[in-house]
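Q:
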Amino acid sequence: MGRIMGTLMLYAIIFLAVFLLLAFLIPTVLSEFIGLFHTVKEALPDLLAKLSTNQYLKVDEKLIKIIVDKIREIELNYEEIINAVLPGMKKMASGSIQAVGVATKKIFSGIGHMVGFFSFLIFVGIINFYFIVDWEKINPLIRKMVPPRYRARVFDVLDKIDTAVGGFLRGQLTVSVIVGLSFAVGLFLMGFIGFPALRNYCILIGTAAAIGGFIPYLGSVIGVTPAILIVLLTRGVPWSTKLITLTGVLLLFGLIQAIEGFILQPKIVGKGAGLHPLLVMLALIFGAQFGIGGMIIAVPLASILRVLVLEFYWLPMEQRESE
């Protein structure tokens with residue numbers, strides 16, 4: 098009974114913390130995203146028009162006109178989002194799951210995948226709850242499935258895999274939060290120094306950088322890209338100010354990238370997962386062949402592979418050579 102209550106209390110604390118965080122982030126990020134969308138929508142036609150008249154680029158004016166007309170037709174606001182999502186939520190409550198997909202496709206097709214992802218997280222949380230509560234009963238059953246002569250060896254390797262993968266996940270979560278906060282704070286301060294547009298979108302960019310930070314070294318790239326676009330597309334600002342601000346954004350990117358690459362990744366992620374930064378990069382290159390999902394699981398799989406190679410090839414080889 099004590100284990101159940103303790104687990105429920107832990108889940109309640111985690112749920113409350115996540116709820117409060119999302120209650121702050123979702124409205125702020127949504128507001129900044131809509132503002133950024135309208136900023137880009139207003140500025141992009143002018144930029145494309147300049148490209149069409151540039152004698153060196155020679156962009157087709159008819160193509161530019163078609164693109165500009167399409168951009169001006171796009172609308173995105175709170176009312177559209179609510180009208181698209183709420184009917185789907187009502188129909189889902191009555192048993193129609195398909196309505197959720199139809200509603201979310203009106204905004205972004207990726208939201209449907211996000212809903213599925215969070216549903217999967219809830220499902221995993223429920224399973225994890227039962228594992229924690231009944232672990233004393235489950236553990237002996239699992240151990241009995243392994244033949245006695247291999248039992249100690251198998252569970253020793255599994256413990257090392259758990260340590261490596263858990264170390265990577267905890268370390269990468271820490272790094273992604275640090276990267277996101279660094280971008281949010283850095284852009285917020287730059288907004289006060291002389292470019293208010295960056296301050297207006299610092300939470301959105303910081304959140305995007307933190308989410309992208311779950312893939313090593315990607316968070317900084319995701320953070321700097323929209324910041325550069327905001328500087329370039331903001332109207333009514335002299336180009337001299339834009340160039341100075343761009344320099345500041347690139348310096349911020351370089352600083353965060355250097356701290357992540359030389360300090361955070363080796364000291365936090367590399368130490369926890371036991372992987373050299375070069376192996377992390379090679380794993381990401383290989384995982385990139387299978388898309389974003391491949392990049393997300395590449396480093397954990399590399400951590401598992403490292404443990405298996407050490408335990409079943411490298412260490413036995415060293416023992417044979419020492420004999």
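With the working numbering applied, the sequence shown covers 98 to 420. All residues carry an ideal CB built from backbone N, CA and C; glycine is no exception.
Use the C-beta contact count for SER419: other C-beta atoms within 10 angstroms, 16 or more gives buried, fewer gives exposed.
A: Residue 419 sits at position 322 when you count from the first residue of the sequence shown. It is exposed - the Cβ of SER419 has fewer than 16 other Cβ atoms within 10 Å.
Q: Just the C-alpha distance for PRO413 and LEU405, rounded to the nearest angstrom, thanks.
A: As a first step, residue 413 must be located in the sequence shown, where it is residue number 316. As a first step, residue 405 must be located in the sequence shown, where it is residue number 308. Computed Cα separation, rounded: 12 Å.
Q: Using DSSP with H/G/I as helix, E/B as strand and the rest coil, what is MET298?
A: In the sequence shown, the residue the question calls residue 298 occupies position 201. It is worth fixing the name first, because residue 298 is Tyr in this sequence and not Met. Looking at TYR298 - three-state DSSP - the assignment turns out to be coil, as it is neither helix nor strand.
Q: So the candidates are HIS373, ALA395 and LEU375; which of them puts its Cα closest to the Cα of LEU381?
A: Position 284 of the sequence shown, counted from the first residue, corresponds to residue 381. When only C-alpha atoms are compared, the closest one is ALA395.
Q: Nearest to GLY390 by alpha carbon, out of VAL254, ALA305, PHE311 and LEU122?
A: Within the sequence shown, numbered from 1, the residue matching residue 390 stands at position 293. Checked all of VAL254, ALA305, PHE311 and LEU122; the closest Cα to GLY390 is PHE311.
Q: What's the gap between the Cα of PRO374 and the Cα of ARG417?
A: Here residue 374 corresponds to residue number 277 of the sequence shown, with the count starting at 1. Here residue 417 corresponds to residue number 320 of the sequence shown, with the count starting at 1. Using only the alpha carbons, I get a separation of about 29 Å.
Q: Candidates MET106, PHE112, SER337 and VAL126: which alpha carbon is nearest CYS299's?
A: The residue you call residue 299 lines up with position 202 of the sequence shown. With distances taken between Cα atoms, CYS299 lies closest to VAL126.
Q: When the Cα of LYS257 is compared with those of PHE409, GLU415, GLY103 and MET102, which residue comes out closest?
A: Residue mapping note: residue 257 aligns to position 160 of the sequence shown, counting from 1. The shortest Cα separation from LYS257 among PHE409, GLU415, GLY103 and MET102 belongs to PHE409.
Q: Using alpha carbons as the reference points, say which of PHE121, THR271 and LEU326 lies closest to LEU133.
A: Your numbering for residue 133 matches position 36 in the sequence shown. When only C-alpha atoms are compared, the closest one is LEU326.
Q: Could you give the residue range of the alpha helix (DSSP H) that holds TYR314?
A: Here residue 314 corresponds to residue number 217 of the sequence shown, with the count starting at 1. In the DSSP assignment, TYR314 falls outside any alpha helix (DSSP H), carrying neither H nor E.
Q: For THR304, count neighbouring Cβ atoms within 10 angstroms of its own Cβ and tell me buried if that reaches 16, exposed if not.
A: For the purposes of this step, residue 304 is taken as residue 207 along the sequence shown, with counting starting at 1. With 16 or more other CB atoms across the displayed protein chains lying within 10 angstroms of its CB, THR304 is buried.
Q: Determine the direct distance from the alpha carbon of ASP143 to that of GLN354, and round the result to whole angstroms.
A: Walking along the sequence shown from the start, residue 354 turns up at place 257. Walking along the sequence shown from the start, residue 143 turns up at place 46. For GLN354 and ASP143, the distance between alpha carbons rounds to 33 Å.
Q: Quick one: is THR344 buried, meaning 16 or more other Cβ sit within 10 Å of its Cβ, or exposed?
A: Walking along the sequence shown from the start, residue 344 turns up at place 247. Exposed is the call here.
Q: Under a three-way DSSP split, which group does LEU127 fall into?
A: Translated into the one-based positions of the sequence shown, residue 127 becomes position 30. It is helical.
Q: Starting from the C-beta of ILE163, find all residues in its chain whose C-beta is less than 6 Å away, skip the five residues before and the five after it, and write them out in chain order.
A: For the purposes of this step, residue 163 is identified with residue 66 of the sequence shown, where counting begins at 1. Nothing meets the Cβ criterion.
Q: Roughly how many whole angstroms lie between the Cα atoms of THR331 and THR136?
A: Counting from one through the sequence shown, the residue named residue 331 turns up at place 234. Counting from one through the sequence shown, the residue named residue 136 turns up at place 39. Rounded to whole angstroms, THR331 to THR136 spans 7 Å at the Cα level.
Q: Check the C-beta distance from VAL276 over to ILE365 and give it rounded, since I have them as a contact under 8 Å.
A: Walking along the sequence shown from the start, residue 276 turns up at place 179. Walking along the sequence shown from the start, residue 365 turns up at place 268. At roughly 12 Å, the Cβ-Cβ gap does not stay under 8 Å, so VAL276 and ILE365 are not in contact.
Q: Under 6 Å: does the beta carbon of TRP336 sit that close to some heavy atom of the ligand FMN?
A: For the structure depicted, the ligand FMN is absent and the ligand set is empty, with no information on it obtainable.
Q: Run the CB neighbour count on ALA200, radius 10 Å, all protein chains shown included, and call it buried at 16 or more, exposed below.
A: Counted from its first residue, the sequence shown places residue 200 at position 103. In this prediction, ALA200 scores a pLDDT of 41, lower than 50, which makes its location untrustworthy; the coordinate-derived value is nonetheless stated afterwards. Counting Cβ neighbours within 10 Å, ALA200 comes out buried, since at least 16 surround it.
Q: Quick one: is ASN225 buried, meaning 16 or more other Cβ sit within 10 Å of its Cβ, or exposed?
A: Residue 225 sits at position 128 when you count from the first residue of the sequence shown. It counts as exposed.
Q: With DSSP run on the structure shown, which of helix, strand or coil describes LEU352?
A: The residue given as residue 352 occupies position 255 in the sequence shown. DSSP places LEU352 in helix when its eight states are reduced to three.
Q: What did DSSP end up calling THR342 once you bin it into helix, strand or coil?
A: By 1-based counting over the sequence shown, the position of residue 342 is 245. In the structure shown, THR342 sits in a helix (DSSP, three-state: H, G or I).
Q: For GLY361, which residues from the same chain have a beta carbon less than 7 Å from its beta carbon, with the 5 sequence-adjacent residues on both sides left out?
A: In the sequence shown, residue 361 corresponds to position 264, counting from 1. The identity of residue 361 in the sequence shown is Leu, whereas the question assumes Gly. Around LEU361: VAL272 and ILE275.
Q: What's the call for PHE220, buried or exposed, on a 16-neighbour Cβ count within 10 Å?
A: Reading the sequence shown from its first residue, position 123 is the one you call residue 220. Label assigned to PHE220: exposed.
Q: Along the chain, where does the alpha helix (DSSP H) that runs through GLN386 open and close?
A: Residue 386 sits at position 289 when you count from the first residue of the sequence shown. First-last for GLN386: undefined, no H or E at that position.
Q: Could you check the C-alpha separation between GLY388 and SER279 for me, to the nearest Å?
A: The residue you call residue 388 lines up with position 291 of the sequence shown. The residue you call residue 279 lines up with position 182 of the sequence shown. A straight-line Cα-Cα distance of about 27 Å links GLY388 and SER279.
Q: If you compare alpha carbons, which of LEU105, ARG240, MET106 and THR260 is closest to LYS368?
A: Here residue 368 corresponds to residue number 271 of the sequence shown, with the count starting at 1. Selected option, being the one with the closest Cα: THR260.
Q: Whose C-beta lies closer than 6 Å to the C-beta of GLY316 among residues of the same chain, with five residues either side of it excluded?
A: Residue mapping note: residue 316 aligns to position 219 of the sequence shown, counting from 1. Excluding residues within five positions, the ones whose Cβ falls inside 6 Å are SER273, VAL276, ALA306, GLY309 and GLY310.
Q: My output table needs one value for PRO277: the three-state DSSP class, helix, strand or coil.
A: On the sequence shown, position 180 is the one that residue 277 refers to. Position check: residue 277 holds Gly in this sequence, whereas Pro was assumed. Here GLY277 sits in helix by DSSP.
Q: Have a look at GLU139 and VAL321 and give me their C-alpha separation to the nearest angstrom.
A: Locating residue 139 in the sequence shown gives position 42, counting from the first residue. Locating residue 321 in the sequence shown gives position 224, counting from the first residue. The alpha-carbon atoms of GLU139 and VAL321 are separated by roughly 21 Å.
Q: Measuring only the C-alpha atoms, how far is MET106 from LEU113?
A: Indexing the sequence shown from 1 puts residue 106 at position 9. Indexing the sequence shown from 1 puts residue 113 at position 16. The straight-line gap from Cα to Cα measures roughly 10 Å.
Q: Are VAL251 and VAL243 closer than 7 Å when you measure CB to CB?
A: To locate residue 251, count along the sequence shown from 1; it is residue 154. To locate residue 243, count along the sequence shown from 1; it is residue 146. Yes, they are a contact pair.
Q: Let me confirm a value: ALA249 is counted as buried when at least 16 other C-beta atoms fall within 10 Å, else exposed. Which label applies?
A: Reading the sequence shown from its first residue, position 152 is the one you call residue 249. The residue is exposed, with fewer than 16 neighbouring Cβ atoms inside 10 Å.
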